[in-house]
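The numbering of the sequence shown is this note's numbering, which starts it at 2 and goes up by one.
Even for Gly, the Cβ is constructed at its ideal location relative to N, Cα and C.
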Amino acid sequence: MNFAILSPATVFSLIILLLYLYCLQHRRQSLTPQIMIPQNNTPWPHVDFPRTKKTVHSEDGQNQPNQGYCLALNRRLTSKQINSLLATGEIPVFLHGPLMFPWVIGRVLRCLDSPGITQRMTSAVLHSHIQYQIQHTYHPALLPSESMGNVVNGMVILGLRREEVAEIDDYVGLDLHYKEVEEAEITLLDGKKRQLAVVVHIWTGAKSLLLTGTSY
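Below you can see the structure in the form of structure tokens.
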């Protein structure tokens, strides 16, 4: 083609057409999914997606497990809040091990989308008990102790409905535990200590399954 005989308007139109085709090709490449192939036969990571379409609220930081745990651990309630939760729910449950994490107890209670999980939790100390790790698992077990010096640091969750208590019992496993009401010590917002009656799951399985001398 002899470009010398083309009019300026035609040349300008060709330039616009070439720019359009270039931009179109660039856009197609940017929209093409980039597939990352694992190297050295590395297996694909397993992702356990929650079976719910509801989103997790971020007010309590439940979408960030560490943040949610810190919020629950440092949360202090007033006597009025404690009494209100005691009046509307079952006996509080003492949580230890993985259940201390709001996102874990949230899954157990089937309420991942509830922003009130951490608002119902506060740190607690259980005296005269020892915490062991169950062999070949990440789960702990509690046994009574005659010494007041043996304490277990955990959390309590208040305002539970009856069906929520049943979910916790099912998760812990009443075939290897029995339930007992003990007193746990909590710290109120004003810094005062308060003894609170809580449900504790005590291990009844074989003691040979517990790792002695190992802190959980």
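#1: Tell me which residues share the same chain as Arg163 and place their Cβ nearer than 8 Å to its Cβ, disregarding the 5 neighbours each side in the sequence.
#2: Out of Tyr139, Ala207 and Leu161, which has the shortest C-alpha to C-alpha gap to Asp176?
#3: Have a look at His202, Val200, Leu72 and Ala185 and flag the residue whose alpha-carbon is nearest the alpha-carbon of Lys194.
#4: With DSSP as the reference, please indicate the residues paired to Ala125 in a beta bridge.
#5: For Lys180, which residues does DSSP report across the bridge?
#6: Leu72 and Thr119 look like a contact to me (Cβ under 8 Å); what is the Cβ gap, rounded to whole Å?
#7: Over the uninterrupted beta strand (DSSP E) stretch that includes Tyr133, give me the two end residues.
#8: Assuming Val199 and Val94 make a contact with CB atoms under 8 Å, what is their CB distance in whole Å?
#9: Leu78 by DSSP, collapsed to three states: which one?
#10: On a Cα-Cα basis, can you pick out the residue from Ala167, Val152 and Glu168 that is closest to His128?
#11: Could you check what DSSP says for Leu144 in three-state terms: helix, strand or coil?
#12: Under the rule that 16 or more other beta-carbon atoms within 10 Å means buried, what is Glu165, buried or exposed?
#13: In terms of alpha-carbon separation, which member of Gln68, Ile106 and Ala88 lies closest to Ile158?
#14: Which residue comes first and which comes last in the alpha helix (DSSP H) that contains Ala223?
#15: Applying the criterion that 16 or more other CB atoms from any shown protein chain within 10 Å of the CB defines a buried residue, is Ser103 buried or exposed?
#16: For Arg121, does the count of other Cβ atoms within 10 angstroms reach 16, so buried, or fall short, so exposed?
#17: Since Leu212 contacts Met156 with CB under 8 Å, what's their CB separation in whole angstroms?
#18: So who's on the other strand from Arg108, going by DSSP bridges?
#19: Taking the beta strand (DSSP E) that Leu96 belongs to, which residues open and close that run?
#20: For Tyr292, count neighbouring Cβ atoms within 10 angstroms of its own Cβ and tell me buried if that reaches 16, exposed if not.
Short version:
#1: Your numbering for residue 163 matches position 162 in the sequence shown. So the list reads Glu91, once near-sequence residues are dropped.
#2: Here the question's residue 176 lines up with position 175 in the sequence shown. Among Tyr139, Ala207 and Leu161, the Cα nearest to that of Asp176 belongs to Ala207.
#3: Walking along the sequence shown from the start, residue 194 turns up at place 193. When only C-alpha atoms are compared, the closest one is Ala185.
#4: Here residue 125 refers to the residue found at position 124 of the sequence shown. Answer is Gly155 and Ile187, bridged to Ala125.
#5: Within the sequence shown, numbered from 1, the residue matching residue 180 stands at position 179. Answer is His202, bridged to Lys180.
#6: Indexing the sequence shown from 1 puts residue 72 at position 71. Indexing the sequence shown from 1 puts residue 119 at position 118. Confirmed, about 5 Å.
#7: Taking the first residue of the sequence shown as position 1, residue 133 is located at position 132. Boundaries of the beta strand (DSSP E) around Tyr133: His130 to Ile135.
#8: In the sequence shown, the residue the question calls residue 199 occupies position 198. In the sequence shown, the residue the question calls residue 94 occupies position 93. The pair is a contact, with the Cβ atoms about 6 Å apart (cut-off 8 Å).
#9: Along the sequence shown, one-based indexing puts residue 78 at 77. In this structure, Leu78 counts as coil in the three-state DSSP scheme.
#10: For the purposes of this step, residue 128 is identified with residue 127 of the sequence shown, where counting begins at 1. Out of Ala167, Val152 and Glu168, Val152 has the C-alpha closest to the C-alpha of His128.
#11: Working through the sequence shown from its first residue, we reach residue 144 at position 143. Strand.
#12: Looking up residue 165 in the sequence shown gives position 164. By the 10 Å Cβ count, Glu165 comes out buried.
#13: Position 157 of the sequence shown, counted from the first residue, corresponds to residue 158. Here the closest residue by C-alpha is Ile106.
#14: Residue 223 is absent from the structure shown; the chain starts at 2 and stops at 217.
#15: Locating residue 103 in the sequence shown gives position 102, counting from the first residue. Note that residue 103 is Pro in the sequence shown, not Ser. So Pro103 ends up on the buried side.
#16: Counted from its first residue, the sequence shown places residue 121 at position 120. When all chains shown are included, Arg121 counts as buried.
#17: Sequence index remark: in the sequence shown, residue 212 carries index 211 (1-based). Sequence index remark: in the sequence shown, residue 156 carries index 155 (1-based). Not confirmed; about 22 Å, so no contact.
#18: By one-based count along the sequence shown, residue 108 stands at place 107. Partner(s): none; Arg108 has no beta bridge.
#19: Against the sequence shown, residue 96 aligns to sequence position 95. It spans Val94 to Leu96 - the beta strand (DSSP E) in which Leu96 sits, taken as one unbroken run.
#20: In the structure displayed, the chain extends from 2 to 217; residue 292 sits before or after that span and is not available.
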